[in-house]
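Participant: Chains as they are written, first to last, in the working numbering: chain A, 1 to 305; chain B, 1 to 304. Built from N, CA and C at the ideal position, the CB exists for glycine as well.
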Amino acid sequence: MLLEKKSLPIKTSPSGEPGPAPERPRARNRFSKGRRISRKRSLTPLEYTKKRWFQATMWINLVFLYFPIITLIAFSFNNSRRNIVWRGFTLKYYVKAYNNATLFDAVINTLIVAGISTVISTILGAFLGLALSRFKWRGKSFYDSWIHLPIIIPEICMGVAMMAFFHTVNISLGLFTITVSHIAFTIPFVAIVIRARMAGFDFSLEEASRDLGASQFQTFMHVTLPYMVPGIIAGALLAMTLSLDDFVITFFTSGPGSTTLPVKIFSMIRFNVSPEVNAASTVLITVTLVLAASMMILQTKLKNK
Amino acid sequence: MVEKDVREHKLTASILLVPPSVWLIIFFTLPLVIVWLYSFGERGPMGQTFLSFSFANYLRAIQWIHLGILWKSIWIAAAATAICFLMGFPLALGLAFAPMHLRNLLLLLVILPFWTNLLIRTYAWIAVLRTRGFLNFGLEWIHRKLDALFTFVGFPDLMGTFQPLSLLYSNSAVIIGLAYVALPFMILPIYATLEKLDRSYLEASLDLGAGQWRTLFSITIPLAFPGIFSGLLLSFILSLGTYVTPVLLGGTDSMMIGNLIAQEFGPARDWPFGSALSFILLYVTFLVLWLRAFVSSRSSGIGY
Chain A
1 MLLEKKSLPI KTSPSGEPGP APERPRARNR FSKGRRISRK RSLTPLEYTK
51 KRWFQATMWI NLVFLYFPII TLIAFSFNNS RRNIVWRGFT LKYYVKAYNN
101 ATLFDAVINT LIVAGISTVI STILGAFLGL ALSRFKWRGK SFYDSWIHLP
151 IIIPEICMGV AMMAFFHTVN ISLGLFTITV SHIAFTIPFV AIVIRARMAG
201 FDFSLEEASR DLGASQFQTF MHVTLPYMVP GIIAGALLAM TLSLDDFVIT
251 FFTSGPGSTT LPVKIFSMIR FNVSPEVNAA STVLITVTLV LAASMMILQT
301 KLKNK
Chain B
1 MVEKDVREHK LTASILLVPP SVWLIIFFTL PLVIVWLYSF GERGPMGQTF
51 LSFSFANYLR AIQWIHLGIL WKSIWIAAAA TAICFLMGFP LALGLAFAPM
101 HLRNLLLLLV ILPFWTNLLI RTYAWIAVLR TRGFLNFGLE WIHRKLDALF
151 TFVGFPDLMG TFQPLSLLYS NSAVIIGLAY VALPFMILPI YATLEKLDRS
201 YLEASLDLGA GQWRTLFSIT IPLAFPGIFS GLLLSFILSL GTYVTPVLLG
251 GTDSMMIGNL IAQEFGPARD WPFGSALSFI LLYVTFLVLW LRAFVSSRSS
301 GIGY
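1) At a Cβ threshold of 8 Å, is A/LEU62 touching chain B?
2) Quick check: the Cα distance between A/SER133 and A/MET198, rounded to an integer number of angstroms?
3) Could you check whether the segment 253-263 of chain B touches the segment 35-49 of chain B, counting it as contact only if at least three pairs of C-beta atoms, one from each stretch, sit closer than 8 Å?
4) By DSSP's criteria, B/THR49 is part of a beta bridge. Which residues make up the other side?
5) For A/ALA201, which three-state DSSP category applies?
6) Taking Cβ positions, are B/THR245 and B/VAL174 nearer each other than 8 Å?
7) Residues of the segment 99-121 of chain B in Cβ contact with chain A at a cutoff of 9 Å, in chain order, please.
8) Apply the 10 Å Cβ neighbour rule to A/ARG35 and answer buried if 16 or more other Cβ atoms are within range, or exposed otherwise.
9) Out of A/ALA106, A/SER294, A/SER141, A/ASN61, point me to the one whose CA is closest to A/LEU175's CA.
10) Which stretch, first to last residue, makes up the alpha helix (DSSP H) that contains A/ILE233?
11) For A/ASN100, tell me which candidate among A/ASN79, A/MET268, A/ALA191, A/TRP59 has the shortest Cα-Cα distance.
12) Which residue spans inside the segment 39-113 of chain B form an unbroken beta strand (DSSP E) run of at least 3?
13) Within the same chain, show all residues whose beta-carbon is closer than 8 Å to that of B/LEU135, passing over the 5 residues directly before and after it, in chain order.
14) Taking just the CA atoms, how far does B/VAL110 sit from A/PRO68?
15) Have a look at A/LYS51 and A/LYS264 and give me their C-alpha separation to the nearest angstrom.
16) Would you mind listing the alpha helix (DSSP H) stretches within the segment 88-175 of chain A that are 4+ residues and don't spill past its ends, in chain order?
17) Listing by chain order, which chain A residues have their CB less than 7 Å from the CB of B/ILE69?
18) Go ahead and pull the three-state DSSP assignment for A/LYS264.
19) By the three-class DSSP mapping on this structure, what secondary structure does B/ASP5 have?
20) If you measure from the beta carbon of A/SER243 to each beta carbon in chain B, is any gap under 8 Å?
21) Which residue from B/TRP75, B/SER54, B/PHE137, B/GLY88 puts its Cα closest to that of A/PHE64?
22) Would the segment 269-289 of chain A and the segment 70-90 of chain A be scored as touching if the rule is three or more Cβ pairs under 8 Å?
23) Which residue from A/LYS301, A/ILE285, A/THR253 puts its Cα closest to that of B/LEU119?
24) Run through DSSP, which three-state label would B/ASN259 get?
25) Which residue or residues does DSSP assign as beta-bridge partners of B/ASN117?
26) For chain A, find out if any of its Cβ atoms is closer than 8 Å to the Cβ of B/PRO156; answer yes or no.
27) B/TYR38 versus chain A: which residues are under 7 Å apart at the beta carbon?
28) Taking only beta-carbon positions, decide if A/MET221 is within less than 8 Å of chain B.
29) For the segment 235-262 of chain B, which residues have a beta carbon sitting closer than 7 Å to at least one beta carbon of chain A?
30) Using CA atoms only, rank isn't needed, just tell me which of A/LEU302, A/PHE203, A/VAL287 is closest to A/VAL367.
31) May I ask you to list the residues that DSSP assigns as paired with A/ASN78?
32) Please report the straight-line C-alpha distance between B/ALA307 and A/PHE104, rounded to a whole angstrom.
33) Helix, strand or coil: how does DSSP classify A/LEU212 here?
34) How far does the alpha helix (DSSP H) with B/LYS10 in it reach, from first residue to last?
35) Is B/ASN171 helix, strand or coil by DSSP?
36) According to DSSP, simplified to helix, strand and coil, what is B/GLY266?
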């Protein structure tokens, strides 16, 4: 009885009508064959994933998205200066990149900038996100669009603006200017993450804490902050990924001797394309992917809670 | 959640709001204001910038030579957007109706390249597109096989000798590179609207005898329009404001507005003109984003 009920839509649903013709007799046959009925389903018209054209576009898209990156990574292990033919596995370009002093300095600079800017922008972004989730005031929507500007304006505009600004106020370009700019464009991203986290927070918990005699500061430390922590970690990971990866703004705010890894990779690409660049790129890709993956895992865990 | 009025919590609100606001005023808004002021300024003989009030820089931007670059930026960005749409829309459509496990996996696969460095993603295309790159390698292989086939059938020399495509350092390479960078920005908004769409409309259309194509053009696309529009605009402004892609993949005639701005602030050292160009790009970006907000507010409910 149950089986018949389950398979009923196959027979009666007219939605099978525009589907492929050979499906219909098979659907009728299933009725006579008892248990196998419910196991196989007929192709409903909206199941695009089972269509050939979808599978074709999916593969074209995936090849388009992944072929360049995968070959780049693969050929960083290739034992040949000419990148096109595979001549066996080697790590010598990684050793070469490691021994390249300017490249090594660039990595150190990148880590310094990313470290400092992540700490400051996470604190400022957390303040901002908390305030946005908690308070309302006149002109908040305007304020809201204003703090989102660093995300939406073209990077080149922000890059040249920062450069012009530092020149005007007579600060010479270096690690300091890079860090300051990175903080400015990562604050909104952190604020968005924190705000999304705080959307699920029950603010009556704070009132309960105050009613029970805790001070405002104690309430923040013991009630609000513990709830914020996963959001703060996710925001910090995002800020760090963005800072490690940024090229355009860094390019315009960096001076001589303050090259970061993306800027160094850029100049290496422009002067000579060698597997050493592939090796350095692979290292940067791996670091950012690990950071991004841990952030995404953290966020899906938060959603499921 | 009830948002509290800021006037009742002045101290807390100011502790939270003042530090980030001050940072963003000094290190983001002030730089933009300076560039805006420069855009009305004049360039001194040594490349200095004098503040004045003239629209000369904006007028210079609409001279033929610069208008050509603006126009080229627009059509390159439009071509990249079109490629993104043709590739991204079918994928987003299939994705929105895919079973859950496949959907999450595919979404992850679409988002993942977004997390790799923009510069490196663009650099990766050099190895694909150059004269002795993977694309020509593949084409040459196909050419050889076809040639062998025709020789076997009895038509030797039908295919001629293989001429490698010189794609790298051209506008086509820039378009391909931009489409590559913008593809996730096309897929995600379209997917988001298609996923929220009420499927019974599509089923009704199919039940009432419309074919798949007719349902697609008369039901699915109109209903998903806010997402499609959003995806088109996002890909477009992202491509329009690019700097890296034309530098790495473009030829001598592939200069786009971002490169012109960089040139004015760099070697040409004409900051007022660069500032004016920078603000023209910003105004176009704002216009496009405003259009996007306008369309999604008009189509309430399923807007992205």
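Facilitator: With the given structure in hand:
1) If you number the first sequence from 1, residue 62 of chain A lands on position 62. Yes - at least one Cβ of chain B is within 8 Å of the one on A/LEU62.
2) In the first sequence, counting from the first residue as 1, residue 133 of chain A sits at position 133. In the first sequence, counting from the first residue as 1, residue 198 of chain A sits at position 198. Computed Cα separation, rounded: 6 Å.
3) no
4) As a first step, residue 49 of chain B is located in the second sequence; it is residue number 49 there, counting from the start. Answer is B/ARG43.
5) For this step, residue 201 of chain A is matched to residue 201 along the first sequence. The identity of residue 201 of chain A in the sequence shown is Phe, whereas the question assumes Ala. Three-state result, A/PHE201: coil.
6) Here the question's residue 245 of chain B lines up with position 245 in the second sequence. Here the question's residue 174 of chain B lines up with position 174 in the second sequence. Yes, they are a contact pair.
7) PRO99, LEU102, ARG103, LEU106, LEU108, LEU109, VAL110, ILE111, LEU112, PRO113, PHE114, TRP115, THR116, ASN117, LEU118, LEU119, ILE120, ARG121
8) Locating residue 35 of chain A in the first sequence gives position 35, counting from the first residue. Bear in mind that the predicted position of A/ARG35 carries a pLDDT of just 46, short of 50, making it too unreliable to give a figure here.
9) Taking the first residue of the first sequence as 1, we reach residue 175 of chain A at position 175. The candidate whose alpha carbon is nearest that of A/LEU175 is A/ALA106.
10) Within the first sequence, numbered from 1, the residue matching residue 233 of chain A stands at position 233. Residues 225-245.
11) Against the first sequence, residue 100 of chain A aligns to sequence position 100. Checking every option, the nearest Cα to that of A/ASN100 belongs to A/MET268.
12) Runs found: none.
13) Stepping through the second sequence from its first residue, residue 135 of chain B is reached at position 135. The answer, listed in chain order, is VAL128, LEU129, LEU165, LEU167.
14) Position 68 of the first sequence holds residue 68 of chain A. Position 110 of the second sequence holds residue 110 of chain B. The straight-line gap from Cα to Cα measures roughly 14 Å.
15) Numbered from 1 along the first sequence, position 51 holds the residue referred to as residue 51 of chain A. Numbered from 1 along the first sequence, position 264 holds the residue referred to as residue 264 of chain A. Their Cα atoms are separated by approximately 46 Å.
16) 92-99, 101-134, 140-152, 155-168
17) Start at 1 with the first residue of the second sequence, and residue 69 of chain B comes out as number 69. Result: empty, since nearest Cβ-Cβ is about 14 Å, beyond 7 Å.
18) For this step, residue 264 of chain A is matched to residue 264 along the first sequence. A/LYS264 falls in the helix class under three-state DSSP.
19) Mapped onto the second sequence, residue 5 of chain B falls at position 5. B/ASP5: strand per DSSP, three-state reduction.
20) Locating residue 243 of chain A in the first sequence gives position 243, counting from the first residue. No, its Cβ sits nowhere closer than 8 Å to a Cβ of chain B.
21) Within the first sequence, numbered from 1, the residue matching residue 64 of chain A stands at position 64. Ranking B/TRP75, B/SER54, B/PHE137, B/GLY88 by Cα distance to A/PHE64 puts B/GLY88 first.
22) yes
23) Walking along the second sequence from the start, residue 119 of chain B turns up at place 119. Considering only alpha carbons, the answer is A/ILE285.
24) Here residue 259 of chain B is taken as the residue at index 259 of the second sequence, counted from 1. Helix, per DSSP.
25) In the second sequence, counting from the first residue as 1, residue 117 of chain B sits at position 117. Partner(s): none; B/ASN117 has no beta bridge.
26) Here the question's residue 156 of chain B lines up with position 156 in the second sequence. Interface residue (Cβ-Cβ distance to chain A less than 8 Å): B/PRO156 is not classified as such.
27) In the second sequence, counting from the first residue as 1, residue 38 of chain B sits at position 38. ALA164, listed in chain order.
28) The residue you call residue 221 of chain A lines up with position 221 of the first sequence. No - not a single Cβ of chain B is within 8 Å of the one on A/MET221.
29) GLY241, TYR243, VAL244, LEU248, GLY258, ILE261, ALA262
30) Since the first and last residues shown for chain A are 1 and 305, residue 367 of chain A lies out of range.
31) In the first sequence, residue 78 of chain A corresponds to position 78, counting from 1. DSSP output for A/ASN78 lists A/PHE89 as bridge partner(s).
32) The requested residue 307 of chain B is not part of the displayed model; chain B covers only 1 to 304.
33) On the first sequence, position 212 is the one that residue 212 of chain A refers to. In the structure shown, A/LEU212 sits in coil (DSSP, three-state: anything other than H, G, I, E or B).
34) Position 10 of the second sequence, counted from the start, is the residue given in the question as residue 10 of chain B. 10-24 is the span of the alpha helix (DSSP H), which, as asked, contains B/LYS10.
35) Within the second sequence, the letter at position 171 stands for residue 171 of chain B. Three-state result, B/ASN171: helix.
36) Residue mapping note: residue 266 of chain B aligns to position 266 of the second sequence, counting from 1. Here B/GLY266 sits in coil by DSSP.
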